[in-house]
Each structure stands twice: as C-alpha cells, then as structure tokens.
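> First the structure, which I've put down as structure tokens, then a few questions once you've had a look.
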Amino acid sequence: MADIIESSFDIIIMIFKFIGLFPHKKQSKILVLSLYFSKVMLAVLVLVNLVFLRNSDFIVMSKLALFFPVIASSCVRDVPFLMDGQRVRKCFSFFENSDFVPKSDEERKIMDECVRLCRRNVRFYFFSILITESFWNLLPLFERNRKMPIDIWLPYELTRAEVYYPTYIYVCAVCVYMVLGGEMSEPLIGGLAYHATGQLKILKYNLENLSQFPDDYSLIKFEGVYGRLKQIITHHNNILSFISEFENCFSFLIFCKIAANIFALGVCGVGLVTVPFTNMYIALYILSYFILVFQILFYCHYGSLLFQENEGLTNAIYNSCWYKCDSKTRTVLLIIMERSKRRIILTAGKFVELTYRTFTSILKTSYSLIATMKGL
6 MADIIESSFD
16 IIIMIFKFIG
26 LFPHKKQSKI
36 LVLSLYFSKV
46 MLAVLVLVNL
56 VFLRNSDFIV
66 MSKLALFFPV
76 IASSCVRDVP
86 FLMDGQRVRK
96 CFSFFENSDF
106 VPKSDEERKI
116 MDECVRLCRR
126 NVRFYFFSIL
136 ITESFWNLLP
146 LFERNRKMPI
156 DIWLPYELTR
166 AEVYYPTYIY
176 VCAVCVYMVL
186 GGEMSEPLIG
196 GLAYHATGQL
206 KILKYNLENL
216 SQFPDDYSLI
226 KFEGVYGRLK
236 QIITHHNNIL
246 SFISEFENCF
256 SFLIFCKIAA
266 NIFALGVCGV
276 GLVTVPFTNM
286 YIALYILSYF
296 ILVFQILFYC
306 HYGSLLFQEN
316 EGLTNAIYNS
326 CWYKCDSKTR
336 TVLLIIMERS
346 KRRIILTAGK
356 FVELTYRTFT
366 SILKTSYSLI
376 ATMKGL
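Shown next, in the form of structure tokens:
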C-alpha cells in the first residue's frame, strides 16, 4: 500500500483490519462474517422494537426511527469492504503509480497538505466517535431502570444481573463495531476524493509551468516541453481512471448514507415541532440535526472541491506561456483544454451530484418540511 495512503488513513486502516473490513490472510472469515451478522441482527432488533412500539410514546418511537436508518445504512456500507475488498484496494493502488508520486518541492507541498487535512479529519472523527460512544454506552449504567445503550427488542427480561450485564456488554460491543465500521468510512471516502483534488492541483501546476525558462523560449526547448505534455496527459488519464474507480466503489455507499440522513432529518424535523422546548429530549433532536447536516455537507464539500479544481484546468493552460509554443505543442494544449471540459463530478448512487447546490437543496427541503409541520 502506498505511503501516501498509509500516512493519510493510518488509524482507519488499523481499525478496519482489526474489525475485518480489510481482511488479511491470517484472519478467519467466519469471525468477520459473525461480526457483521451481529450488526445486522442489531438493526433487525431495533426494527422489531419500532414495530411493537408503534402505539407508544412519540419520543420513544422517534428515537428508534432516528437510529434505525443510520444502523441500516451502516450495514449496507460494509458490504463492499467485506465482499469486494479488492476494488477498494485497487483505489489505493493508484497512489503507487509513479504519476501520483510528487516529484518537485511544490508537488510535495500540495501532497503534504492533502495528507495533513486527511489526518486531521480522521482524528476528528475518531475522537468524536470515541467520546460519543463512551458517553452513550455508559449512560444506562447511571439510570435506575436496566436499559440498553439503544432500545432493542429482546425475547427475555433483564431483571437479573447475570442476564443484564452480559447482554449489555454484547450490545455495547456491537454498537462500537457498528460505529467504527460505518462512520469511520466517511473520512476515508472524503479523503480519497480530496487526494484526487490534490492530483488535479499538481496537474494544474505542471500545466502552468511547462518550462522552467519562461524568459528564453525556443523551439528546441519545446521538444522537452512536448515530452512533459505527454507525461501530463498520462497523469490526467490516470486521475480520470481513479475517479471512475472511486465512483464505482463508493457511489452507492454515499447514496445510502445521504438517504439515511435525509430520512433522519425528517424525524428530527417532526421532533423539533412536536416536542416542547422544555423537554430534555429537544437537545437530542437539535444535536442530531446538526450532525446529520454536517455529514451531508462533508461529502458535498469534497465533491465541490473536485469539481471546481477540474474547472480550473483550462485557466491553468491560459496562464501558461502557450503563445510562445510551436504549433505542435499548441495543438496538444488545445486537445487538453477540450478534454478538460468534460465535467468531473462525484455522485451518490450515480445520479445525485455531490455539490453545494445539492446540499442547499436538502437544507431548503428540510426547512420547508419543518415550517409546514409547524404551521399545521
């Protein structure tokens, strides 16, 4: 695996190997599938509990309705890592290509910035999950009634300590596995998208600096420039191949996450207009609302960065000294300009564009829902 990937996602790779999402030869497939089955069973038990409590208190039902889509999407998002891990590894293998390895100080500066931002996101997600899960899992121990970290249906009573504590520990372990496997994939996916943006930045830099001697051009020197253009075209094609593989691997995962968050936003909207502000659970709805919005923004932000960087390739060629080039080189530059007009845009499920426009549309829809329900 490339050093760039190891440096950017060190914590994620370590966690995913431990929980079996990056299975290795010494790891038992039965153990990996058993862990995944535990997560699926947790989602089923939450759904069964939601069905049984359909006439219960609204707050109880809304909490379950808020958690279920998140749990279900987490189960779906693990499938590519478990069943098609080679495709994920293929995305990583692009960074072993010599075209993706920085060669100049400026290229290394761009790549170091990408690695730094990815490491920041990974650590932010990891410590946020660690703190939230610790608080959420320990909270039932301080309550009078014996409860689970998440409300699930159980075929037996939890009155006896020898029954409650093993069940509690098991549910806590599954919740930790679920969150680490599901939520830690977000900085990985966003980070890979940002690395693609970084490669486009390097491409732009090379296009703007075709020659190291801008004040003394000659046709002889442009023989070397023409050779550099061949390298730039190969680099561009490899970037496009990486983005295509990235789309095939993660587009459906992103769609599942955004769809689950939109459903959960609807539940939060209902809770915000139904539950009195004096109720302590209003804080849960407000906090959940902002977390769900942030997760959608996370994907749309990095999708927009990639789109904007690709749009700047044409300007990079304009900013170079193309007018001093010979006709052969100008023809190649013109072909690159035409090729760069093809939009590079990430999608969720191959049809929802990950842009700021999509994000604002989701916000407008959720606000309209809340405003409509408040007026009823």
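When you line the sequence shown up against my numbering, it's residues 6 to 381, in that order. Don't be surprised by glycine CBs; every beta carbon is placed ideally from N, CA and C.
Looking only at C-alpha atoms, which of GLN236, ILE194, ALA166 sits nearest to ARG94?
Comparing Cα-Cα distances from ARG94 to each of GLN236, ILE194, ALA166, the minimum goes to ILE194.
> Between THR198 and LEU26, is the Cβ-Cβ spacing less than 7 Å?
One detail in the question is off: residue 198 reads as Ala in this sequence, not Thr. No, the pair does not count as a contact, with Cβ atoms beyond the cut-off.
> Return helix, strand or coil for THR164, following the three-state DSSP convention.
DSSP places THR164 in coil when its eight states are reduced to three.
> In whole angstroms, what is the alpha-carbon distance linking VAL56 and PHE73?
Between VAL56 and PHE73, the C-alpha separation is close to 12 Å.
> Exposed or buried, GLN91, counting other C-beta atoms within 10 Å across all chains shown (16 or more means buried)?
Exposed, because fewer than 16 other Cβ atoms sit within 10 Å of the Cβ of GLN91.
> What are the boundary residues of the alpha helix (DSSP H) that includes PHE312?
Element bounds for PHE312: 287-316.
> Hey, could you find the ends of the alpha helix (DSSP H) PHE147 is sitting in?
Unbroken run through PHE147: none, as it is neither H nor E.
> Any idea what DSSP makes of VAL4, helix, strand or coil?
Residue numbering for the chain in the displayed model covers 6 to 381; residue 4 lies beyond these limits and cannot be assessed.
> Would ILE406 and ILE263 be called neighbours here (beta carbons separated by less than 7 Å)?
Limits of the chain in this structure are 6 at one end and 381 at the other, which puts residue 406 out of reach.
> Measuring straight from C-alpha to C-alpha, what distance separates VAL49 and PHE105?
Roughly 43 Å between the two C-alpha positions.
> Checking the sheet assignment: what are the DSSP bridge partners for GLU358?
DSSP lists THR352 as partners of GLU358.
> Do the segment 107-123 and the segment 260-280 meet, that is, are 3 or more Cβ pairs less than 8 Å apart?
These segments do not touch.
> Look at the alpha carbon of PRO107 and the alpha carbon of TYR210, and state the distance between them as a whole number of angstroms.
Approximately 12 Å between the Cα atoms of the pair.
> Are THR202 and GLU358 closer than 7 Å when you measure CB to CB?
No; because the gap between Cβ atoms is not below 7 Å, this pair is not in contact.
> For the segment 362-379 against the segment 324-339, are there 3 or more C-beta pairs whose distance is under 8 Å?
Segments in contact, no.
> Answer with buried or exposed for ALA321, where buried requires no fewer than 16 other C-beta atoms within 10 angstroms of its C-beta.
Its Cβ being crowded by 16 or more others within 10 Å, ALA321 is buried.
> Report the CB separation of PHE42 from PHE247 in whole angstroms; it is logged as a contact under 8 Å.
At roughly 33 Å, the Cβ-Cβ gap does not stay under 8 Å, so PHE42 and PHE247 are not in contact.
> Thinking C-beta only, is THR360 closer than 7 Å to SER309?
Against a cut-off of 7 Å, the Cβ pair of THR360 and SER309 comes out as a contact.
> For PRO4, which three-state DSSP category applies?
Given a span of 6 to 381 for the chain in the structure shown, any question on residue 4 remains unanswerable.
> Is DSSP giving LEU215 helix, strand or coil here?
Note: LEU215 maps to coil in three-state DSSP.
> So, does the segment 184-191 touch the segment 151-171, judging by three or more C-beta pairs under 8 Å?
Segments in contact, no.
> Quick check: SER384 and LEU368, are their CB atoms within less than 7 Å of each other?
Residue 384 is absent from the model: the chain starts at 6 and stops at 381.
> Measure the C-alpha to C-alpha separation of TYR304 and ASN142 and round it to an integer number of angstroms.
Answer to the nearest angstrom: the Cα atoms are 28 Å apart.
> With distance defined between alpha-carbon atoms, name the residue in ASP331, TYR328, LEU277 nearest to SER371.
Among ASP331, TYR328, LEU277, the Cα nearest to that of SER371 is on LEU277.
> Assign LYS206 to buried or exposed, taking buried as 16 or more other Cβ atoms, counted over all protein chains shown, within 10 Å of its Cβ.
Classification for LYS206: buried.
> Could you tell me the alpha carbon to alpha carbon distance between GLU111 and GLN204, rounded to whole angstroms?
If you take the alpha carbons of GLU111 and GLN204, they lie about 12 Å apart.
> Hey, how far is the Cα of CYS261 from the Cα of TYR307?
Taking the straight line from one Cα to the other gives about 17 Å.
> Measure the C-alpha to C-alpha separation of ILE430 and ALA178 and round it to an integer number of angstroms.
Any property of residue 430 remains undetermined from this structure, which presents the chain solely from 6 to 381.
> Alpha carbon to alpha carbon, what distance is there between CYS80 and TYR222?
Confidence in TYR222 is poor, its pLDDT being 46 and thus under 50, which makes the residue's placement too unreliable to answer from.
> What is the C-beta distance between CYS237 and LEU212, in whole angstroms, given that I count them as a contact (C-beta under 8 Å)?
In the sequence as displayed, the identity of residue 237 is Ile instead of Cys. Yes, they are in contact, since the Cβ atoms of ILE237 and LEU212 sit about 6 Å apart, within 8 Å.
> In angstroms, rounded to a whole number, what distance separates the CA positions of LYS114 and LEU208?
Approximately 14 Å between the Cα atoms of the pair.
> For PHE72, does the three-state DSSP call read helix, strand or coil?
Of the three classes helix, strand and coil, the one that applies to PHE72 here is helix, per DSSP.
> Would you mind sorting ARG82 into buried or exposed? The rule is 16 or more other CB atoms within 10 Å of its CB.
Buried: at least 16 other Cβ atoms inside 10 Å.
> Who are the Cβ neighbours of PHE218 in its own chain at under 6 Å, not counting the five residues just before and after it?
Any reading at PHE218 needs caution, since the residue's pLDDT is 44, under 50, leaving its predicted position unreliable; the model's value is listed next. Closer than 6 Å at Cβ, skipping near neighbours: no residue.
> Since ILE18 is in the alpha helix (DSSP H), which residue starts that stretch and which ends it?
Per DSSP, ILE18 belongs to the alpha helix (DSSP H) from 15-24.
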